[in-house]
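To keep things clear, I will list the structure first and then write my remarks on it.
Residue numbers (our numbering), protein chains in the order written: chain D, 8 to 560; chain V, 20 to 193.
Written as structure tokens, this is what we have:
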């Protein structure tokens, strides 16, 4: 019998495939569900990591493999393939921030962000891109990040691609993706295929509800088990409240235990002490934690320049079934409109498609009553293209800012400027043209005025005249970046190029909040690669030995 | 019946009423740490009036089946609200508290008489006016109702037959 080091009941795996998380708990992983705590806790480690997503997961494994005692604090619960049932009604409340309804202050943008062990990597759509060279060049020129060249980062991307089995996807795109490919090809717009972090993928299409077969190489089934297997400790349903700062050092991290619903503090308190602290709560929660802690911010930069890749959507109806819920969700993309203008010129956009599931489509489809019902009745014939608008490269797209509400929770203010609406309008035109070129019967940019065009000529005139305004135009985001900008120039960023927080000797930020602009691509691999390098540097400093290299097991 | 045009005319008055309505509501319910959302009394009548207008023809017409589907839809909405952060639940609570107040119902929603007596046409007119309202607060309220009623309705298997969705692979359900 293995020792039991968790207060979570040991249960057998459920489902068609073995559950490595339940097996790990049975084998002695140190995991404490703070919703089940019966007394306050005080714990020490070499490194405390806040967050278990792309940044926290990669950091935890490298630091633990390098021989350091690691403790991970996660606000969400520990859920795994035995729990993943491919049902939106269960997945969104259990696995996402604010039931997948997190919004900007004016409620103009809905943000999809994970809140579970593995963070957003547990629920994302597996799209894996290295940071585009043009983005890195901009960082070097504008933020002095001279170590962030494509050549310097390539080995780190390669390392994480191996670790997470990021590779070409061999199966044919599903019809939802293939419409983008075919329509673009007719218009001479180049597309390419998306690489994915999967291993033995069943091509089901339910990545957004947690992978039921553990094929997705999220942090939940890779780096977090890697760290826990080395003796790291994981606290779940624990919210990092504030760092206690003495001079230029963090003395401790105060956390609160959450109730079983994960919403209100249960009253339990957790005090954590370490040599070094890593903040990896994602680009909304990381700046909020530092703001609550009163971290030094002499130039008022903390929480500023938060980027979202604001997304606009175009829905089309096709004669054939599209079945947008079935098959790998994102396999085709086009970067054509990121490269046809200068990076700091009019807003560029990346084209992809979203998977279509009933709740997601029902809330995204405007209107109500008979019209909404008629749209939903066409569900299997609906196709959608999305455009990710590349923010952060122009003064009129300088991102949002994170502040705190009366309860200390983060609120993101993100102004949608005329410059952004110009990009949105051009993107809507492009998407409609592609959909008609692929044979759409009708096309509707997602907008409250409920436009429905039956020809490209009609769409061209209609979209040109469409009043694009906040709330009337549906804008969503699945990529949160920035807010703890890195630059060795303290007037430009709150963290250094090495991720260290300026003015705090033992605190680093290792997540997407470091990015000085948006990425211009789905950001997970950018976070994996950048953080692998930074965490390896930290491991070496703390141990005096070269950092261990994570390998796929 | 209040027309769209008269809604636009009462903009400023509406803003004041909305603020006052919130204040009246908070006086009646003193503020504390936000409690979970509760659906009681007139607020329940508000939701019962809005759900059929929002869902439209997907609700069955036969009275007993319709009543059962309505109860089901309201339960799904309530569950969805309970998945939101407590501070957001309070915003939704305030919205229902406001709509439950007679003056707000008449002035802001344009629905005369009680919610239980409101005709489907009057409720649809109210939703349509808030959908395009120039006051952002009313627009966001409409969008919240839209998402909280339509989202959970289509998340449940009973709605899937009507939209041709086979549901996830049965062999993998746990």
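We treat Cβ as the ideally placed atom computed from N, Cα and C, and that holds for glycine.
Spatial neighbours of residue i within its chain, please: CB distance less than 6 angstroms, with the 5 preceding and 5 following residues excluded, ordered by chain position.
| i | result |
| --- | --- |
| residue 385 of chain D | 324 |
| residue 187 of chain D | 339, 360, 392 |
| residue 466 of chain D | 439, 450, 460 |
| residue 134 of chain V | 64, 65, 68 |
| residue 99 of chain V | 167, 171 |
| residue 104 of chain D | 120, 122 |
| residue 49 of chain V | With a pLDDT of only 38 at residue 49 of chain V, under 50, the local geometry of the prediction cannot be trusted, and the value read off the model is given with reservation. Once the five neighbours on either side are set aside, residue 49 of chain V has no close Cβ partner at all. |
| residue 106 of chain D | 99, 100 |
| residue 387 of chain D | 328, 330 |
| residue 23 of chain D | none |
| residue 548 of chain D | none |
| residue 173 of chain D | 135, 202, 204 |
What span of residues does the beta strand (DSSP E) with residue i cover, start to end?
| i | result |
| --- | --- |
| residue 109 of chain V | From DSSP, residue 109 of chain V is part of no beta strand (DSSP E) but of the alpha helix (DSSP H) over 105–119. |
| residue 281 of chain D | 272–286 |
| residue 475 of chain D | Unbroken run through residue 475 of chain D: none, as it is neither H nor E. |
| residue 420 of chain D | 417–420 |
| residue 118 of chain D | 116–118 |
| residue 410 of chain D | 408–411 |
| residue 80 of chain V | Where residue 80 of chain V is concerned, there is no enclosing beta strand (DSSP E), given that its DSSP letter is neither H nor E. |
| residue 452 of chain D | 449–452 |
| residue 484 of chain D | 482–484 |
| residue 514 of chain D | 514–516 |
By the DSSP assignment, the alpha helix (DSSP H) with residue i in it spans what residues?
| i | result |
| --- | --- |
| residue 71 of chain V | 60–74 |
| residue 386 of chain D | Residue 386 of chain D -> no alpha helix (DSSP H), and no H or E assigned at all. |
| residue 426 of chain D | 425–444 |
| residue 97 of chain D | 95–102 |
| residue 159 of chain V | 155–174 |
| residue 562 of chain D | Any property of residue 562 of chain D remains undetermined from this structure, which presents chain D solely from 8 to 560. |
| residue 545 of chain D | 531–550 |
| residue 142 of chain V | 139–150 |
| residue 368 of chain D | 365–371 |
Apart from the five residues just before and just after residue i, which ones in its own chain have a Cβ nearer than 7 angstroms to its Cβ?
| i | result |
| --- | --- |
| residue 142 of chain D | 524, 526, 527 |
| residue 9 of chain D | 33, 34, 35 |
| residue 42 of chain V | The predicted model places residue 42 of chain V with a pLDDT of 44, which falls under 50 and marks its position as unreliable; any figure quoted below should be read in that light. Counting only Cβ-Cβ distances below 7 angstroms, and skipping sequence neighbours, we find nothing. |
| residue 598 of chain D | The first residue shown for chain D is 8 and the last is 560, placing residue 598 of chain D beyond what the model contains. |
Considering only residues of the same chain and omitting the five flanking positions on each side of residue i, which have a CB-CB separation below 8 angstroms?
| i | result |
| --- | --- |
| residue 536 of chain D | 137, 138, 160, 163, 164, 166, 167 |
| residue 111 of chain V | 56, 100, 103, 163, 167 |
| residue 181 of chain V | 77 |
So which residues on chain A does residue i lean against when the C-beta distance must stay under 7 angstroms?
| i | result |
| --- | --- |
| residue 150 of chain V | Judged by its chain identifiers, the structure shown contains no chain A, and its protein chains are D and V. |
Open item on the list: Contact between the region 279–288 of chain D and the region 47–56 of chain D is defined here as three or more beta-carbon pairs at a separation below 8 angstroms; is this criterion met?
Closed with: yes
- [ ] Check whether the region 90–102 of chain V touches the region 55–73 of chain V, taking contact to mean three or more Cβ pairs, one atom from each stretch, closer than 8 angstroms.
- [x] yes
- [ ] Could you run through the region 409–433 of chain D and flag, in chain order, every residue whose CB is less than 8 angstroms away from some CB of chain V?
- [x] Only 412, 414, 416 from the region 409–433 of chain D bring a Cβ to less than 8 angstroms from some Cβ of chain V.
- [ ] Say whether the region 432–448 of chain D touches the region 315–335 of chain D, bearing in mind that this needs 3 or more beta-carbon pairs closer than 8 angstroms, one atom from each stretch.
- [x] yes
Task: Every unbroken alpha helix (DSSP H) inside the region 143–190 of chain D [4 residues or more] - done: 157–170
TODO: Flag this pair as touching only if the region 75–83 of chain D and the region 230–241 of chain D have three or more C-beta atom pairs under 8 angstroms; answer yes or no.
DONE: Contact between the region 75–83 of chain D and the region 230–241 of chain D is present, because at least three Cβ pairs lie under 8 angstroms.
Task: chain V contacts from the region 429–463 of chain D (Cβ-Cβ distance under 9 angstroms) - done: 455, 456
Task: Contact list for the region 69–95 of chain V against chain D, Cβ threshold 7 angstroms - done: Under the 7 angstroms Cβ criterion, the region 69–95 of chain V contributes 72, 73, 75, 76, 77.
Task: 3-residue-minimum beta strand (DSSP E) runs that sit fully inside the region 26–50 of chain D, ordered along the chain - done: 37–40
- [ ] Please determine if the region 293–312 of chain D and the region 396–413 of chain D are in contact, where contact requires at least 3 C-beta pairs separated by less than 8 angstroms.
- [x] yes
Task: Against chain V: residues of the region 268–296 of chain D by CB proximity under 7 angstroms - done: 270, 271
- [ ] Report yes or no: do the region 287–299 of chain D and the region 55–73 of chain D share at least 3 C-beta pairs separated by less than 8 angstroms?
- [x] yes
Task: Uninterrupted beta strand (DSSP E) stretches inside the region 325–361 of chain D (no shorter than 3 residues) - done: 356–359
Task: Three or more C-beta pairs below 8 angstroms linking the region 203–212 of chain D and the region 128–144 of chain D - done: Touching, yes, given that three or more Cβ pairs across the two stretches are closer than 8 angstroms.
Task: Interface residues of the region 356–388 of chain D facing chain V [CB-CB below 7 angstroms] - done: 365, 366, 369, 370, 375, 376, 377, 379, 380, 383, 384, 386, 387
Open item on the list: Assess contact between the region 366–375 of chain D and the region 334–352 of chain D, defined as three or more Cβ pairs (one per stretch) separated by less than 8 angstroms. Is contact present?
Closed with: No, the region 366–375 of chain D is not in contact with the region 334–352 of chain D.
Task: alpha helix (DSSP H) segments (min. 4 residues) lying fully within the region 226–269 of chain D - done: 230–236
Open item on the list: Tell me whether the region 348–357 of chain D and the region 476–485 of chain D touch, counting them as touching only if at least three CB pairs, one residue from each stretch, are closer than 8 angstroms.
Closed with: no
Open item on the list: Below 8 angstroms, how does it come out for the region 426–435 of chain D and the region 398–405 of chain D: are there three or more Cβ pairs, yes or no?
Closed with: yes
Open item on the list: Please identify, using Cβ separations under 7 angstroms, the residues of the region 66–92 of chain D that lie next to chain V, in order along the chain.
Closed with: 89, 92
Open item on the list: What are the residues in the region 126–144 of chain V lying within 7 angstroms of chain D by C-beta distance?
Closed with: 143
TODO: Kindly confirm or deny that the region 483–500 of chain D and the region 147–158 of chain D touch, where touching means at least three C-beta pairs closer than 8 angstroms.
DONE: yes
Task: Members of the region 107–125 of chain V near chain D, C-beta cut-off 8 angstroms - done: 107
TODO: Could you name the residues of the region 194–215 of chain D whose beta carbon sits closer than 8 angstroms to any beta carbon of chain V, in the order they occur along the chain?
DONE: 211, 213
TODO: Identify each residue in the region 94–127 of chain D for which the Cβ-Cβ distance to at least one residue of chain V is less than 8 angstroms, and report them in chain order.
DONE: 94, 95, 96, 99, 100, 105, 106, 108, 113, 114
Open item on the list: So if I threshold CB-CB distances at 8 angstroms, which residues from the region 12–37 of chain D count as touching chain V?
Closed with: For the region 12–37 of chain D, which is checked against every Cβ of chain V, the residues closer than 8 angstroms are 21, 22, 23.
Open item on the list: Give me the subset of the region 471–482 of chain D whose CB atoms are less than 8 angstroms from a CB atom of chain V, sorted by chain position.
Closed with: 477, 478, 479
- [ ] At 3 residues or longer, and completely inside the region 51–91 of chain D: list those beta strand (DSSP E) runs for me, N to C.
- [x] 77–80
Open item on the list: Residues of the region 329–350 of chain D in Cβ contact with chain V at a cutoff of 8 angstroms, in chain order, please.
Closed with: 332
TODO: Please name the residues in the region 216–231 of chain D whose beta-carbon is closer than 7 angstroms to at least one beta-carbon of chain V, in chain order.
DONE: Those would be 219, in chain order.
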